[in-house]
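Here the structure comes first, spelled out in structure tokens, and everything after it is commentary.
Protein chains: 2
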Amino acid sequence: MSTDPLSHTFAALSDPTRRAILARLALGETSVTELAQPFEMSMPAISKHLKVLERAGLIVRGRDAQWRPCRLKPQPLKDAAQWLEHYRRFWEQSFDRLEEYLRQMQAKERKDARKK
Amino acid sequence: MSTDPLSHTFAALSDPTRRAILARLALGETSVTELAQPFEMSMPAISKHLKVLERAGLIVRGRDAQWRPCRLKPQPLKDAAQWLEHYRRFWEQSFDRLEEYLRQMQAKERKDARKK
DNA sequence: CGGTTAAATAACTACCTAGTTAAATATGCC
DNA sequence: GGCATATTTAACTAGGTAGTTATTTAACCG
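In order, the protein sequence lines correspond to chains E and R.
Read left to right, the first sequence gives residues 1 to 116 (the working numbering).
Read left to right, the second sequence gives residues 1001 to 1116 (the working numbering).
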């Protein structure tokens, strides 16, 4: 996988278990065992998911006796959201006659340019 | 990788080449060769990236003689942005004394509960 | 038809991921 | 110290990803 922060963030978000873990952490800091509880998955598997989230900077882990409380760190989510914002105009655009027309004109121009 | 749409979307976005391809497509529909041009990478590599983007529903490919024009499809980006929106309050929250205080109270309560 | 261009596929390598079970580590409690 | 609990690490398997070069397919053009 690529080494830039955004790539790490999106990669971390590309797994439903990890997204569910983040959703749980949105309710507040908690232990690994409690995070693991909803999943039919071994503890080591959860531990690995947490490591991925930690490497992506999406969580931090503290120490409270033998517990390792996990806490959400939202900054990478903000950065990801900002990246997506650049494309907002595309999904807000009504895909109406004008847009389709412009697209086809563009394709036609390229075609004509090649024919010269 | 997981099979749900959101996982596919985030996985597709977790590569800088693919994000750059989407950025180029935001300027308008274009051919594979033109998409490949900015990258020091073989055509088959680009072709594979396009396949990933297509599987994620982020692009569609048409046919214009021997060209395969690619076009951005923004719906999955919208869905990803909406997922991230759920966490907006976390990055907008000022991480001030109150928030920190609440967090520590929460940790303390769990500790006390265990001691009973 | 033959040559050229655009793009995809095949076959391969190297590495990463997501899961498993078994063992190790860390800490609190008596 | 020794047991119990929480969590991580080790070692392994199966499958996916990102890239390569060589080959193949598709379409236009003369």
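Built from N, CA and C at the ideal position, the CB exists for glycine as well.
Please classify residue i as buried or exposed, where buried requires at least 16 neighbouring CB atoms within 10 angstroms.
i                  : result
His86 of chain E   : exposed
Ala11 of chain E   : buried
Asp15 of chain E   : buried
Glu29 of chain E   : buried
Arg1018 of chain R : buried
Leu25 of chain E   : buried
Leu77 of chain E   : buried
Leu27 of chain E   : exposed
When DSSP labels each residue in this structure, what does residue i get in the three-state scheme?
i                  : result
Lys116 of chain E  : Annotation note: pLDDT 40 at Lys116 of chain E (below 50); position unreliable, no value reported.
Leu1072 of chain R : strand
Thr33 of chain E   : helix
Asp1015 of chain R : coil
Asp4 of chain E    : coil
Ala20 of chain E   : helix
Arg89 of chain E   : helix
Arg1055 of chain R : helix
Since residue i contacts residue j with CB under 8 angstroms, what's their CB separation in whole angstroms?
i                  : j                  : result
Leu1053 of chain R : Ile1059 of chain R : 5 angstroms
Leu84 of chain E   : Cys70 of chain E   : Their Cβ separation, rounded to whole angstroms, is 25 angstroms, which puts Leu84 of chain E and Cys70 of chain E out of contact at 8 angstroms.
Gly57 of chain E   : Lys73 of chain E   : 6 angstroms
Arg1068 of chain R : Ser1031 of chain R : 7 angstroms
Output the distance between the C-alpha atoms of residue i and residue j, rounded to the nearest integer angstrom.
i                  : j                  : result
Phe1090 of chain R : Ile1021 of chain R : 30 angstroms
Lys115 of chain E  : Ala1065 of chain R : Here Lys115 of chain E scores only 43 on pLDDT, less than 50, and its place in the model is too uncertain to base an answer on.
Ser1042 of chain R : Leu1035 of chain R : 12 angstroms
Pro44 of chain E   : Lys1048 of chain R : 33 angstroms
Ala23 of chain E   : Leu13 of chain E   : 11 angstroms
Please work out which residues of its chain come closer than 8 angstroms, Cβ to Cβ, to residue i, disregarding the five sequence neighbours upstream and downstream, and give them in chain order.
i                  : result
Met1001 of chain R : Ser1007, His1008 and Ala1011
Gln158 of chain E  : Residue 158 of chain E cannot be examined here, being either before or after the span of chain E that is shown, 1 to 116.
Tell me which same chain residues have a C-beta within less than 6 angstroms of the C-beta of residue i, skipping the five on either side of it?
i                  : result
Ala1080 of chain R : Thr1009
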